[in-house]
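Input: a single structure, listed below in structure tokens.
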Amino acid sequence: MINYHPDQHLLSLHAKGELPLSMSIAISAHAELCPHCQQQLDQVTIALSEQQFESAVKTQSVDTNNNQLDALLEQLLNSTLDTLEVEQASTVDPIEDNSVSIKGQHYPLPKVFRKQINASWQGIGKVSRLRLDTGEPQARASLLHIAANGEIPEHTHKGAELTLLLAGEFSDCYNTYKPGDFMLLDKDHQHSPKTLEGCLCYTIVDAPLYFTKGFSKLLNPIGDLLY
Ligand SMILES: [Zn+2]
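Structure follows, in structure tokens:
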């Protein structure tokens, strides 16, 4: 069962299309794993489109030009059709196009990653990273794989760090996490995630990480790799 969800504010920003791509990917992927948040998103989306429709209708004078209304309806229809086409296109694609293999493990990915996977894995030890290009100079988005019995050295970071667990499990000093769990940590948190069975995560960090234990020089290459 998923215990950690994006908050209402994030969901509604996502529905409005106001989030940066890296965070939008996280919300979409979470919603694919979480029926509860998917339902919330659907409700927000419907409410938003009703609002937009109403305000568009209200701004028209009483002698509404039918052409305007037609144009509006057509616009709405087209945008719905666009969405449908995207959905259809994504269902006909072979499933292999939307999965990753690392160290003999095969992971199907949420659909939202379809267009994002165009790099290859880099790794040190049990930790592998596949960087996603979201076109944001500051936020760094990656798929992160930690092999069984692996851990990430304790670290802290300058900005927020988002982790969405996609498969497997990991735990830190706060909790044990399950696929779909959506964890947003601010810079005051420190943690060193460990995994027994291995895991695949989607992560975003917006600032370099600083390792807090004494072996930072040794581990900096891992820090660079991961984040
Ligand atoms: Zn959720």
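My numbering numbers the first residue of the sequence shown as 49 and each following residue consecutively. Just so it is clear, CB atoms sit at the ideal spot from N, CA and C, and this is done for glycine as well.
Say the cut is 7 Å; is the CB of I94 nearer than that to a heavy atom of ligand 1?
Answer for I94: no, Cβ out of range of ligand 1.
For L67 and L61, I'd like the C-alpha separation in whole angstroms.
Straight across, the Cα-Cα distance linking L67 with L61 is about 6 Å.
Sequence-distant residues of its chain with Cβ nearer than 6 Å to T93 (five each side left out):
Close CB contacts of T93 within its chain, under the 6 Å cut and outside five residues either way in sequence, are with A63 (chain order).
Pick from R162, S176 and F161 that is closest to S168, judged by C-alpha positions
Proximity to S168 across R162, S176 and F161 peaks at S176, based on C-alpha coordinates.
Do you know how far the Cα of Q238 is from the Cα of N197?
Rounded to the nearest angstrom, the gap between the Cα atoms of N197 and Q238 is 20 Å.
Given S70 as reference, the closest of L191, A215, Y155 and S219 once Cα atoms are compared:
Residue L191 is the option with its Cα nearest to S70.
C82 by DSSP, collapsed to three states: which one?
Three-state DSSP puts C82 in coil, outside helix and strand.
Pair within 8 Å by beta-carbon distance, G280 and C82:
Beyond the ends of the chain as shown, which are 49 and 275, falls residue 280; an answer cannot be given.
Do L96 and I75 have their CB atoms nearer than 8 Å?
No, these two residues do not count as a Cβ contact at 8 Å.
Presumed contact (8 Å Cβ cut-off) between A77 and P158, rounded CB distance
Rounded, the Cβ-Cβ distance is 4 Å, consistent with contact.
For L192, which beta-bridge partners are listed by DSSP?
Per DSSP, R177 and C249.
State the start and end residues of the unbroken alpha helix (DSSP H) segment that holds H237.
Here H237 belongs to no alpha helix (DSSP H), and DSSP marks it neither H nor E.
Would you report the Cα separation of H84 and L213, rounded to the nearest angstrom?
Rounded to the nearest angstrom, the two C-alpha atoms are 17 Å apart.
In terms of residue numbering, what span does the alpha helix (DSSP H) encompassing Q56 cover?
Counting along the chain, Q56 sits inside the alpha helix (DSSP H) bounded by residues Q56 to A63.
Which of helix, strand or coil does DSSP assign to Q87?
Of the three classes helix, strand and coil, the one that applies to Q87 here is helix, per DSSP.
Roughly how many whole angstroms lie between the Cα atoms of G246 and Q100?
One Cα belongs to G246, the other to Q100, and the distance between them is close to 45 Å.
Using the C-alpha atoms, what's the distance from N146 back to H154?
Near 11 Å, if we compare the C-alpha coordinates of N146 and H154.
List the endpoints of the continuous beta strand (DSSP E) containing S149.
Bounds of the beta strand (DSSP E) holding S149 are S147 to I150.
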